[in-house]
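In my numbering, the protein residues as written are 534 to 818. All residues carry an ideal CB built from backbone N, CA and C; glycine is no exception. Below: one structure, written as structure tokens.
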Ligand code: G4P
């Protein structure tokens with residue numbers, strides 16, 4: 534299956550991000566905990582060198598908790614601070630404040646030595662589309678915080694959300710693009726719903742998903758659909774179509790309907806919690 538991506542305004546966004554990064558101390562990078570590698574663009578490492586780094590593994594509610602732990606240790610071993618969160622239900626959010634202060638310890642210490650007191654840490658949120666940036670900003674900032682802007686030394690019109698006396702957040706997140714060097718990246722992004730479904734072949738996608746679940750999560754399909762598991766993904770789709778009564782008008786099995794159902798239930802977490810790539814697969818960052 535071929536995946537394509539047309540990042541029309543990518544250059545502009547990148548330039549904007551370069552400007553914004555000059556204003557901040559800390560980059561808060563969101564990744565999708567189900568595909569922590571494929572949902573990040575390592576270009577941010579170059580763009581944000583010399584800045585403190587925090588990776589938020591978002592949508593942890595949909596990911597495999599054990600594998601999230603492995604990824605978290607992996608990122609920490611590379612020098613990032615890491616917090617696992619579910620921005621939608623606010624799980625894990627409490628740990629963020631402390632981790633931000635920890636990640637910016639050097640900057641705070643530097644300020645103190647120079648006699649600068651109470652200068653808040655400035656942060657910006659970055660990530661590829663659909664990873665949960667807006668949800669996170671809304672949840673994290675909450676309603677209580679105030680917006681500040683047009684401060685001396687700050688580009689006119691920049692809006693900062695003052696979270697508390699210690700932290701300010703740039704109100705618009707930076708958008709990164711996925712890196713499509715490997716077809717597996719495209720496949721995984723498609724599976725979690727980060728590529729528009731109109732450009733996808735849903736039937737093929739469902740078969741790829743079934744193959745992954747059969748090999749990595751034996752027993753899950755049996756549990757969810759009450760079907761015997763076989764290694765043959767097409768056969769699995771057929772069994773699921775039959776079990777869920779996915780049929781066309783002529784009462785024939787409707788594979789496309791079953792494919793859409795399998796994908797939908799996977800994305801929404803009904804089938805279970807899954808992480809479909811690991812650092813050990815040679816896809817480290
Ligand atoms: P973005 O700014 O990075 O593009 O992402 P955005 O916040 O718009 O979030 C994209 C989708 O991911 C939204 O769902 C949002 O609710 C969902 N989401 C964000 N964080 C989490 C999380 O931690 N767990 C889960 N399960 N979902 C999360 P949507 O279907 O586009 O909208 P809606 O369902 O909220 O209406």
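Residue i versus residue j - alpha carbon distance
i           : j           : result
residue 808 : residue 702 : 29 angstroms
residue 772 : residue 725 : 23 angstroms
residue 787 : residue 781 : 5 angstroms
residue 795 : residue 751 : 16 angstroms
residue 746 : residue 778 : 21 angstroms
residue 601 : residue 784 : 43 angstroms
residue 812 : residue 582 : 22 angstroms
residue 598 : residue 647 : 43 angstroms
residue 730 : residue 799 : 14 angstroms
residue 644 : residue 592 : 35 angstroms
residue 639 : residue 584 : 11 angstroms
Beta-carbon gap between residue i and residue j smaller than 8 angstroms
i           : j           : result
residue 636 : residue 596 : no
residue 654 : residue 559 : yes
residue 738 : residue 723 : yes
residue 699 : residue 634 : yes
residue 748 : residue 661 : no
residue 668 : residue 621 : yes
residue 666 : residue 563 : yes
Helix, strand or coil at residue i according to DSSP, with G and I counted as helix
i           : result
residue 752 : coil
residue 677 : Any answer about residue 677 is weak, because its pLDDT of 46 lies below 50 and its placement is not dependable; what the coordinates show is given next. It is coil, neither helix nor strand.
residue 683 : Below a pLDDT of 50, predicted positions are generally treated as unreliable, and residue 683, at 49, falls in that range; the measurement from the model is reported next regardless. Coil at residue 683, not helix or strand.
residue 568 : coil
residue 785 : coil
residue 590 : strand
residue 777 : coil
residue 629 : helix
Bounding residues of the alpha helix (DSSP H) (the contiguous stretch that carries residue i)
i           : result
residue 807 : Per DSSP, residue 807 belongs to no alpha helix (DSSP H) and is neither H nor E.
residue 604 : 598-610
residue 722 : 716-725
Residue interval of the beta strand (DSSP E) (run including residue i)
i           : result
residue 620 : Neither: residue 620 is in no beta strand (DSSP E) and is coded neither H nor E.
* the stretch 575-593 in contact with the stretch 704-718 per 3-pair CB rule at 8 angstroms -> yes
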